[in-house]
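For the sequence shown, counting from 1, position 72 maps to 80 in the working numbering; every step adds exactly one. Comments concern the structure below.
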Amino acid sequence: MKDRLTIFLEAAIQRPFSWGHTDCFILATDWVNENAGKDIFAKYNFRKHYKTPLGAVRCYRKFNFKTIQDVWKNFLNPVPAEFASRGDICVSKIEGFTMPASGIVVDKFFSAFQSEKGLSFQPTENVSDFYKVPKCHP
């Protein structure tokens, strides 16, 4: 039987990349919302408010977040790498991005990131930051 993260990522594979709709940050916020059972980012309305990487930066800076890590720290608790687990959010520099990308920890070896090339799996060992996703749903 497939778990929720596997089903979520399989659905993400089918979606074409689009800044502000299906980019790395939106993938991660959708996963957090799925676990929370509600849109915890609704107040900020990040979705559909940018169309480029620079637009993404402007979008979160509009809400006084200086970095993508600041956004995550506002909503989730940072955790050391050794306490990160499947389904947690991560931030890493990945090929093709000029700024850090948000992803989802799959296991201790790989994390999933949505990029212009589609859903990709990057080594978790290259991740710089981890954030604990509360598990509200079974």
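Beta carbons are placed, not taken as given, at the ideal position from N, Cα and C, and that holds for glycine. Note that the coordinates shown come from a computational prediction; the quantities given were computed from them, not determined experimentally.
Check	Outcome
Can you give the Cα-Cα distance for SER93 and TYR58, rounded to whole angstroms?	30 Å
Just reading off the beta strand (DSSP E) that CYS98 is part of, what are its end residues?	97-100
Among residues of its own chain, excluding the 5 on either side of LEU17, which ones have a beta-carbon nearer than 7 Å to its beta-carbon?	ALA120, LEU127
Counting beta carbon pairs with one atom in the stretch 86-101 and one in the stretch 61-68, are three or more of them shorter than 8 Å?	no
Starting from ASP137, follow the alpha helix (DSSP H) in both directions and report where the run begins and ends.	No alpha helix (DSSP H) holds ASP137; the beta strand (DSSP E) holding it covers 137-140.
Whole angstroms is fine: what's the gap from ASP78's alpha carbon to ASN85's?	11 Å
If we count Cβ pairs, one from each stretch, closer than 8 Å, do we get three or more for the stretch 109-117 versus the stretch 45-55?	no
Return helix, strand or coil for PHE149, following the three-state DSSP convention.	Residue 149 lies beyond the residue range present for the chain, which begins at 9 and ends at 146; the question has no answer from this structure.
Return helix, strand or coil for PRO61, following the three-state DSSP convention.	helix
Please classify GLN122: is it buried, with 16 or more other beta-carbons within 10 angstroms of its beta-carbon, or exposed?	buried
How many angstroms separate the CA atom of ALA89 from the CA atom of PRO24?	30 Å
Ignore the nearest five residues each way along the sequence and tell me which others in TYR52's own chain have a CB closer than 6 Å to its CB.	PHE71
Give me the DSSP bridge partner(s) of GLY111.	CYS98
From CYS32 to CYS144, what does the alpha carbon distance come to, in whole angstroms?	22 Å
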